[in-house]
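Structure, as structure tokens:
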Amino acid sequence: DAGVIQSPRHEVTEMGQEVTLRCKPISGHNSLFWYRQTMMRGLELLIYFNNNVPIDDSGMPEDRFSAKMPNASFSTLKIQPSEPRDSAVYFCASSLGGDQPQHFGDGTRLSIL
Amino acid sequence: AQSVTQPDIHITVSEGASLELRCNYSYGATPYLFWYVQSPGQGLQLLLKYFSGDTLVQGIKGFEAEFKRSQSSFNLRKPSVHWSDAAEYFCAVGGTSGGSYIPTFGRGTSLIVHP
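If you're matching them up, the sequences are chains A and B in order. 1 is the number of the first residue of the first sequence in my numbering; add one for each residue after it. 114 is the number of the first residue of the second sequence in my numbering; add one for each residue after it.
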């Protein structure tokens, strides 16, 4: 079975540019999570979808960040405009929901110059 | 609100030595508890989970963890560490909040293995 697939694996761009991160969850999983990982703040939950509906976006840092899940097999996290402080590793995870464990993708390492 | 504390930022052990990584949680009811491992450049991989029943849980790669309700702890152990175990380890507690299930992760413990 394919795991959670994220693209791109690495992204380097200049500040002010729009950045779009993509995630394909495991087939059959109905919960999807976006995380950001930095040395300073550790692993932060940004947003959580259940059955394609955003349930909790309290972790989204500001209006520059937005996330969508148009269908059960695809989600995007967009940053517009990007800033150097957005540099981090962004992870997508999916699960069967409820108390089931999450399965993580390999992340997107984002560098904003 | 639920929370997780991993008191050790780094742990250094010699290859072949035993290992114990500490995890303390705060949660009002019986928690769901997880340990994940993250190798460099990769995402988090589930090692083991506790939902109920036997308080000693066996996981992959020879790891085990023991749930101690009286101490609010879920420490991870391995009797003999291999060099390939060097990685970042995360403890997580899960539970419902406002009707949603959202796990909370600790800050992680970095394991360094000396030859």
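Yeah, the Cβ is synthetic: ideal placement off N, Cα and C, and Gly gets one too.
For residue i, I'd like the list of residues in its chain whose CB is within less than 6 Å of its CB, leaving aside the five on either flank, ordered along the chain.
i, result
"T118(B)", "N137"
"F65(A)", "I79"
"S120(A)", "Outside the modelled stretch of chain A, which goes from 1 to 113, sits residue 120(A), for which no answer is possible."
Using the Cα positions of residue i and residue j, report the straight-line distance between them to the nearest angstrom.
i, j, result
"S111(A)", "V89(A)", "9 Å"
"L145(B)", "D63(A)", "Residue identity differs from the one stated: residue 145(B) is Tyr in this sequence, not Leu. Straight-line Cα distance between these residues: approximately 33 Å."
"F203(B)", "L45(A)", "14 Å"
"P61(A)", "A130(B)", "42 Å"
"D167(B)", "F180(B)", "9 Å"
"V4(A)", "C23(A)", "7 Å"
"P8(A)", "Y35(A)", "15 Å"
"M15(A)", "P70(A)", "27 Å"
"Y48(A)", "S139(B)", "22 Å"
"P228(B)", "Q151(B)", "20 Å"
"G107(A)", "T76(A)", "13 Å"
From which residue to which residue does the beta strand (DSSP E) around residue i run?
i, result
"I173(B)", "Segment: none, I173(B) is in no beta strand (DSSP E) and carries neither H nor E."
"Q6(A)", "I5 to S7"
"V117(B)", "S116 to T118"
"E201(B)", "A200 to G207"
"R109(A)", "T108 to I112"
By Cβ distance below 7 Å, which residues in the same chain neighbour residue i in space, the five residues on each side in sequence not counted?
i, result
"S87(A)", "L110, S111 and I112"
"I97(A)", "Correcting the residue type first, residue 97(A) is Gly in the shown sequence and not Ile. Cβ neighbours of G97(A) beyond the five flanking positions: N30, S31 and N50."
"H195(B)", "E128"
"G221(B)", "Q119, E201, Y202 and F203"
Closer than 8 Å by C-beta to residue i: which residues in its own chain qualify, once you throw out the five before and the five after it? Chain order, please.
i, result
"V19(A)", "E11, T13, K78, I79, Q80, S82, D86, L110 and I112"
"G219(B)", "V117, T118, Q119, C136, F203, C204 and A205"
"I26(A)", "D1, A2, G3, V4, S94 and H103"
query: Within the chosen definition, does the segment 120–131 of chain B reach the segment 152–163 of chain B through at least 3 CB pairs nearer than 8 Å?
result: no
task: For the segment 147–177 of chain B, enumerate the residues whose C-beta is nearer than 9 Å to any C-beta of chain A, in chain order.
output: F147, Y149, Q151, G154, Q155, G156, L157, Q158, L159, K162 and F164
Near-chain B residues of the segment 83–101 of chain A (beta-carbon distance less than 8 Å), N- to C-terminal order: F91, A93, G97, G98, D99 and P101
message: Along the segment 37–49 of chain A, where does the CB come closer than 7 Å to a CB of chain B? Name the residues.
response: G42, L43, L45 and Y48
Interface residues of the segment 118–145 of chain B facing chain A [CB-CB below 9 Å]: Y145
message: Count Cβ pairs between the segment 30–46 of chain A and the segment 185–202 of chain B that sit closer than 8 Å; are there 3 or more?
response: no
- request: For the segment 178–200 of chain B, enumerate the residues whose C-beta is nearer than 7 Å to any C-beta of chain A, in chain order.
  value: none
- prompt: Any residues in the segment 51–85 of chain A with a beta carbon nearer than 9 Å to a beta carbon of chain B? Which ones, in chain order?
  reply: I55 and D56
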